[in-house]
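Visitor: Residue numbers (our numbering): 43 to 189. We put the CB at the ideal spot given by N, CA and C, even for glycine. Quick caveat: nothing in here was measured; it's all calculated off a predicted structure. One structure, as structure tokens, below. Some questions next.
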């Protein structure tokens, strides 16, 4: 229910489930406290003038895993994954503007093991169900190496 509308009143949820509002409040409190639930506001960064990038990276001299772990440390990078197919690593980032995007690309090019980069700038967002949290917030999780 909250996934569809994170601002839905507890009274509405309680009525639909046939429980008391206190039960709903307590359950939401426990889920929030345990880190299972987090209610956030999402926005389209493109509508704010931000620049979103997808970078398809070919790795040379090092393992893709080593390069991916290094790239995941960058504050502007929101998503890093190893790939199969034509490229080794996919990086997605959101930058304040084109100047910051160019600076990020320069940083990534200097990263040991980064070879060729195919870059794509997102021009319009139609659907985004991911949430990495705001930069530096509790919701943003560090890279986890699950090798």
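#1: Which residues mark the beginning and the end of the beta strand (DSSP E) in which residue 157 is found?
#2: Determine the DSSP secondary structure at residue 77, reduced to helix, strand or coil.
#3: Between the segment 60–73 and the segment 90–110, are three or more C-beta pairs nearer than 8 Å?
#4: Is residue 118 helix, strand or coil when you go by DSSP?
#5: So the beta strand (DSSP E) residue 103 belongs to, where does it begin and stop?
#6: Evaluate residue 163 with the Cβ neighbour count: other Cβ atoms within 10 Å of its Cβ, from every protein chain shown; 16 or more gives buried, anything less gives exposed.
#7: Measure from the alpha carbon of residue 100 to the alpha carbon of each residue in 55, 132, 54, then state which is nearest.
#8: With 16 as the cutoff for other CB atoms within 10 Å, does residue 130 come out buried or exposed?
#9: Taking only the alpha-carbon atoms, compute the straight-line gap between residue 60 and residue 50 and give it to the nearest angstrom.
Guide: If we stick to the structure as given:
#1: 156–163
#2: coil
#3: no
#4: coil
#5: Premise fails: residue 103 is in no beta strand (DSSP E) and is neither H nor E.
#6: exposed
#7: 132
#8: buried
#9: 16 Å
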